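Here is the structure we will look at, set down as structure tokens.
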Amino acid sequence: MNTQLKTIKSEIESYAQSTNLSELQVLDKLKAYYFNKNVNENLKLYRKGKKKVSDITKDLKISPRKFYAILEKKNIKHTKYNKTKPEPETDTASEQD
């Protein structure tokens with residue numbers, strides 16, 4: 172295990188030197204790549220109806236608001252829930268009696 176980590180570390184260092192990036196920038200790019208890969212896999216399941224938003228947000232460790240933003244960015248249909256309560260309608264005919 173330790174030797175595998177050393178080889179990964181040396182590969183990251185050599186890639187960082189060849190591209191004039193820091194090691195942390197390389198790791199950020201890798202993190203973004205694997206996050207997007209995981210998002211795409213979950214979106215496939217969401218489209219098929221096999222996975223709910225709450226399960227996806229737990230897996231990705233993001234808020235539902237961020238997930239809905241991803242859906243809008245990728246033009247995927249979803250239902251928006253209106254959390255504001257409708258104002259009660261007043262019946263003017265009963266007040267006049």
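So for the sequence shown, my numbering puts the first residue at 172; every next one is plus one.
No residue lacks a Cβ here, since even glycine has one placed at the ideal position from N, Cα and C.
Please read these numbers as outputs of a predicted model, since none were measured by experiment.
Check	Outcome
Measuring CA to CA, which of L242, N191, I183, R236 is closest to L198?	I183
Apply the 10 Å Cβ neighbour rule to F206 and answer buried if 16 or more other Cβ atoms are within range, or exposed otherwise.	exposed
Where K248 and L201 are concerned, what is the direct C-alpha to C-alpha distance, given to the nearest angstrom?	29 Å
Tell me whether S193 sits in a helix, a strand or coil according to DSSP, three-state version.	coil
DSSP on I183, reduced to helix/strand/coil?	helix
Of all the options M172, K221, N209, which has the alpha carbon lying nearest to the alpha carbon of I241?	N209
To the nearest angstrom, report how far apart F238 and Q175 are at their CA atoms.	34 Å
Determine the contact status of D214 and K245, defining contact as a CB-CB distance below 8 Å.	Correcting the residue identity first, residue 214 is Leu in this sequence and not Asp. Yes, the Cβ-Cβ distance between L214 and K245 is below 8 Å.
Since A187 contacts E194 with CB under 8 Å, what's their CB separation in whole angstroms?	5 Å
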